[in-house]
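Okay, so here's the structure we're looking at.
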Amino acid sequence: MSVRLASVRDASFTEPPQSRFVVVRADGADHALRGAVAAIGNFDGVHRGHKAVIARARSMAGRLGRPACVLTFDPHPRAFFGPGESVFSLTPEPVKLALFAREGLQGAIVLPFDGRLAAMSAHEFLAELLVNRLGLAGVVAGYDFHFGHARQGTPTFLQEEGGRLGLAVEIVDPMTLDGGAVSSTAIRAALVQGDVEAAARMLGYRWLARGVVQHGDKRGRTLGFPTANIRLPAGCALRHGIYAVRIAVDGVVRDGVASYGRRPTFDDGAPLLEVFVFDFKGDLYGKTVDVEFVAWIRGELKFDSAEALVARMDQDSAEARTALARPADVPAPSALPLPAL
């Protein structure tokens, strides 16, 4: 098996226009990001720690005169190795790519995580994939990045073997916040508890969910609270309850209050996100929307009557308006609206 050893000095590339974020979905030799410096990882959540890796990649790219990109994988390796298991993804691929585009990168390389990739040795991953086929000039990874069959490739191996292959390599230390490491796992744990503010502090923006507005039973309309109904992915483990939210549709961001749960007062069915948009009378059916979770209001409750539910919904709406009136960057800035790619 022949291996072309790329170096910082000889890797060729075609730099994409600065105004356009390029998404490459092939691992062949002919692609727009050949010769780039890549921040590499799964980047689920694109949190503060991930952004530190991305910033280091931009810095290296600037020194080397190369474009900067991310190299990531779809699906998440957990989904590949555990088929049929529900995976709580913080950022589905379209959201992740939109967040990448905001980080001053020229593009993203998205590799399918499949049996072929899972079977690669750590050396093959570096020599054949990163250097030969993708033609990268450099890579930046987090302290916990592992790769290759059985996760045999470590950050130390990446630095040592990458250097021998002519690949510039940097490893980024963990980022800590409030005494703990910022990680996708910690963010998921916060969302499971409904602590969207702790999640926002680690993410560096308020967590959001994307979905298509569906027709429902119109019960909210009869109660005076028409809602946009969104079915979140099966793996979503967000705590059931009421949240102050913002919703973005067609580039416009509006305030609202949302319920995520099984509607125990009525049917106790499959989890559904129901968003009541304040001061809005338009039609959202069929629209793709982003819902940003700003604050926790309360847990899911079962009411004895529709009248009791409506009274509590009035109270929830008032509490949500109060939460949404706080300074815009507390506890973290909004990511809405996301750029269209």
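In terms of my numbering, the sequence shown opens at residue 8 and continues consecutively.
The beta carbon of each residue, even a glycine, is placed where N, CA and C say it ideally should be.
Is DSSP giving residue i helix, strand or coil here?
i	result
E177	strand
R123	helix
V138	helix
E92	coil
P346	coil
S128	coil
T329	helix
F50	coil
L118	strand
L104	helix
G111	coil
V77	strand
G149	strand
L239	coil
L245	coil
T234	coil
A45	strand
P340	coil
F154	strand
R27	coil
T183	strand
G72	coil
A33	coil
M8	Because M8 carries a pLDDT of 28, less than 50, the predicted location of this residue cannot be relied on, and no value is offered for it.
A251	strand
S14	With a pLDDT of only 31 at S14, under 50, the local geometry of the prediction cannot be trusted, and no value is derived from it.
Out of the options, state which residue places its alpha-carbon closest to the alpha-carbon of residue i.
i	options	result
E204	A196, A241 and P338	P338
P162	G155, D151 and G170	D151
H156	A126, A108, H130 and L137	A126
I61	R32, F28, E110 and G69	E110
V44	D37, Q322, L141 and W214	L141
R269	D286, V260 and K309	K309
V256	G263, P344 and R333	P344
G52	W214, A86, Y267 and R333	W214
L210	L106, D121, S324 and E281	L106
Q113	E131, C76 and L316	C76
F283	L104, G242 and N236	N236
G306	D274, Y267 and F287	Y267
S3	H130, H54 and Y292	Because the chain is modelled from 8 through 348, residue 3 falls outside the range shown and cannot be assessed.
A39	A277, L165, S312 and L143	L143
A216	R123, G293, E100 and A108	E100
P278	P240, R261, G293 and D290	P240
H57	D180, S341 and R253	D180
V138	G69, G89, R41 and D185	R41
R261	S341, D321, I304 and K103	S341
D297	R333, L165 and K103	K103
T122	E92, D81 and S93	For the sequence presented, residue 122 should be read as Gly rather than Thr. The option with the nearest alpha carbon to G122 is D81.
K288	F28, E314, T234 and F87	T234
Y212	G223, F28 and I194	I194
L291	G160, G223 and L174	G223
P271	D311, A68 and I304	D311
V29	A108, A196, E92 and N49	A108
S128	G89, S93 and E168	E168
H130	G160, L124, R319 and G149	G160
Rounded to the nearest angstrom, how far is the Cβ of residue i from that of residue j, given a contact under 8 Å?
i	j	result
L172	L133	6 Å
A251	A207	Not really, about 12 Å apart at Cβ, beyond 8 Å.
L78	I47	4 Å
F285	G263	5 Å
V219	T329	The pair is not a contact, with the Cβ atoms about 30 Å apart (cut-off 8 Å).
I116	V31	5 Å
A64	V189	Not confirmed; about 18 Å, so no contact.
E299	R253	5 Å
L184	G145	Not a contact, Cβ separation roughly 28 Å.
For the segment 188 to 228, list the beta strand (DSSP E) runs that are entirely contained and at least 3 residues long, ordered along the chain.
215 to 221
Given 8 Å as the limit, is there contact between the segment 188 to 203 and the segment 239 to 250, that is, 3 or more CB pairs closer than that?
Touching, per the Cβ criterion.
Starting from the N-terminal side, write out each stretch of the beta strand (DSSP E) that is 3 residues or longer and does not extend beyond the segment 254 to 337.
259 to 268, 279 to 284 and 295 to 306
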